[in-house]
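Numbering (the working numbering), first residue to last: 534 to 978.
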């Protein structure tokens, strides 16, 4: 009996040794790096992610990640290295929750080809930074903080601040790459941008290729500059500045509420595009623009359609609200808005093609005088027609709307106190084509 007991004890001891070796081997495979001076933290129930894959915290010096079983998987003094390693672990997607604190990034956070992913902080309180989650750039100039160009899946970003730290050329978030040319269905909410300027980019939806489609942005603050490229993207309570990017497939963006303000340039800048740019603003506030609400830096061949509904314009520009000097054709509709500007709504002699202008501003410090309208018909081998408008003075705004398709490009020229000319690239030939037109001038009150 005594010998049997010794054999059992020996067997148990051997099993314990083997189990210890196996456990040590497994742990050595999941611990990527560890700071030698890091003191393991006490893990409390609140630190264990009940609905997430990992919780990442910082004490201002060290960063560490807690797994859902309470195990500290990774720790160190470089936030970007730790976070990128966690992103590599979650190859099938997952959720990372960040605690309060500043997570300093000296290198890009590179999101791999994930399926569904959540990246969530604790919010941002400018009065109490210690109660905020902040990602702060401390890397080189022209760096990228969040790189989503190779991410195929849907990602949710929520409740944190992105601080560019005033570094020249830095980009906050970048989408649209050659690997994933179309990214769709992302959800971005409660993101505060700080430390960005007119020479840096907070949000970039595809300036380096590809584009965003079906994105939803809610409560985005300080996004100066935001580069737009994509289709069916909606912004709710967005605050920042906008610049469009060239696209060959059309662009469509809608903004609900929020405000766009600057003292150095146009709130929205349209650059050259090969396709039509659709921008819709509902209840948005535009403030302190020195170059008009809309500006164009280069000739836009694709055209632009602008809708402003219930918007307010407060501009310091001494010329206009909308500068259409370099636009080939545009449709502008302003309904139910108001302005504090006494200057003319549109600048730039409309000698380039355009289709329709309709402005109905409420409480405007100017009134429209002697509006007149009519219909003109065109037949034969002609490329222009002269219209007698009878508005007494040279009209400030002339709206033209063809009833038929096939005109290709149309434009207005040779405005004077009695007539203007409508020109078009195609000829009606044996057909009869019709234009509806409206002309009026404004008088500052």
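Just so it is clear, CB atoms sit at the ideal spot from N, CA and C, and this is done for glycine as well.
| Asked | Found |
| --- | --- |
| Return the CA-CA distance between residue 971 and residue 718, expressed in angstroms with no decimal places. | 41 Å |
| Quick one: give me the first and last residue of the alpha helix (DSSP H) that residue 613 is part of. | 612-622 |
| Output the distance between the C-alpha atoms of residue 710 and residue 793, rounded to the nearest integer angstrom. | 27 Å |
| As a quick exercise: from 936, 965, 736, pick the residue whose alpha carbon is nearest that of residue 913. | 965 |
| Mind pulling the alpha helix (DSSP H) runs of 4 or more residues that sit fully within the stretch 897-968? | none |
| Report the partner residues of residue 972 according to the DSSP bridge assignment. | 905, 931 |
| Taking all protein chains shown into account, decide if residue 762 is buried (16 or more other Cβ within 10 angstroms of its Cβ) or exposed. | buried |
| Distance, Cα to Cα, residue 919 vs residue 868? | 29 Å |
| Quick check: the Cα distance between residue 948 and residue 924, rounded to an integer number of angstroms? | 11 Å |
| Among 600, 602, 601, 595, whose alpha-carbon lies nearest the alpha-carbon of residue 608? | 595 |
| Less than 7 Å between the C-beta atoms of residue 736 and residue 756, yes or no? | yes |
| Under the three-state reduction of DSSP, which class applies to residue 990: helix, strand or coil? | Lying before the first or after the last residue shown, residue 990 is absent from the chain, which here runs from 534 to 978. |
| Under the DSSP definition of a beta bridge, which residues are partnered with residue 794? | 820 |
| Do residue 908 and residue 967 have their C-beta atoms within less than 7 Å of each other? | yes |
| Closest by CA to residue 681, which one among 803, 930, 620, 590? | 620 |
| Give me the residue from 765, 764, 745, 772 with the minimum Cα distance to residue 751. | 772 |
| Please report how far the alpha carbon of residue 637 lies from the alpha carbon of residue 775, in whole angstroms. | 27 Å |
| Smallest Cα separation from residue 809: which of 643, 864, 653, 705? | 864 |
| Have a look at the DSSP bridge pairing and note the partners of residue 707. | 680, 737 |
| Check whether the Cβ atoms of residue 742 and residue 765 lie closer than 7 Å to each other. | no |
| Using CA atoms only, rank isn't needed, just tell me which of 827, 840, 652, 784 is closest to residue 815. | 840 |
| Can you say whether residue 613 is buried or exposed, counting buried as having 16 or more other CB atoms within 10 angstroms of its CB? | buried |
| Please name the residue, chosen from 658, 665, 645, 640, that lies closest to residue 671 on a Cα-to-Cα basis. | 640 |
| Helix, strand or coil: how does DSSP classify residue 598 here? | strand |
| Considering only the beta carbon of each residue, do residue 628 and residue 585 sit closer than 7 Å? | yes |
| In whole angstroms, what is the alpha-carbon distance linking residue 770 and residue 905? | 38 Å |
| If you measure between the beta carbons of residue 634 and residue 704, is that distance less than 7 Å? | no |
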